[in-house]
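Heads up: the sequence shown begins at 0 in numbering that gives the first Met the number 0, then just goes up one per residue. Here a beta-carbon is modelled for each residue, glycine too, at the ideal position from N, C-alpha and C. Everything on this sheet refers to the single structure shown next.
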Amino acid sequence: MPLYDCMLLAKPLVTREAMAELVARVARRAYQRNGVVTDVKSFGKVQLGYGIKKLDGRHYQGQLMQMTMMVPPSFTKELHYLNKEDRLLRWLVVKHRDAVYGLEFINEDDGRNEMNGFSLAHTKHDHDIEIGSDDSESEFLTSSDEDSDDYNFGTEDDEEKK
0 MPLYDCMLLA KPLVTREAMA ELVARVARRA YQRNGVVTDV KSFGKVQLGY
50 GIKKLDGRHY QGQLMQMTMM VPPSFTKELH YLNKEDRLLR WLVVKHRDAV
100 YGLEFINEDD GRNEMNGFSL AHTKHDHDIE IGSDDSESEF LTSSDEDSDD
150 YNFGTEDDEE KK
């Protein structure tokens, strides 16, 4: 089962008990579908970037909750009953990408051999640069450059003598 985050943004005046009941209702629905709630976070009251208009007025603050859960993909379609919930300003379900779970998570080596996948064949070392190649700096070190210290810059007096 994939890992999902369910973000719930409630009205600022909703009590903690009402928020807990709302989270418990979503969690109960997840358990009924053989899902597991792995984490619940409360971010408290947050300032919104813009007002969200509801029947009882425009709200510039909200209480933000995050539920992380492993549920079947069809579960997200069952959450549309939250649209009728008048305590919520917004809700959102986001699927975790690249999440490792199940047997893959158990067999994971905790990143101990993480750097073994990188090859040193594509790195550029000093001994890889050939003399006279485009990568070397030999073309900039020649003494025949016009910008070298040996170059004599002419002055107006020198030009008049010629």
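Leu63 has its alpha-carbon roughly 15 Å from the corresponding atom of Gly50.
Only residues of its own chain outside the window of five on either side were considered, and among them Thr67, Met68, Met69, Val70, Phe74, Thr75, Val92, Val93, Lys94, His95 have a CB closer than 8 Å to the CB of Tyr3, listed in chain order. For Val22, the uninterrupted alpha helix (DSSP H) run begins and ends at 15 to 31, by DSSP. In terms of Cβ geometry, His79 and Lys10 do not form a close pair [threshold 8 Å].
Per DSSP, Leu88 is one residue of the beta strand (DSSP E) stretching across 87 to 94. Val25 and Leu8 have their alpha carbons spaced roughly 14 Å apart. One Cα belongs to Ala23, the other to Gln46, and the distance between them is close to 25 Å.
The three-state reading of DSSP puts Leu81 in helix, counting H, G and I together. Nearest to Asp55 by C-alpha distance, out of Met18, Leu87, Met6, Glu16, is Leu87. With a 10 Å radius around the Cβ and a threshold of 16 neighbouring Cβ atoms, Gly61 comes out buried. Of the candidates Lys52, Phe42, Arg32, Met6, Arg32 places its Cα closest to the Cα of Pro72. Spatial neighbours of Asp38 in its own chain (CB-CB distance under 7 Å, excluding positions within 5 residues in sequence) are listed in chain order as Thr67.
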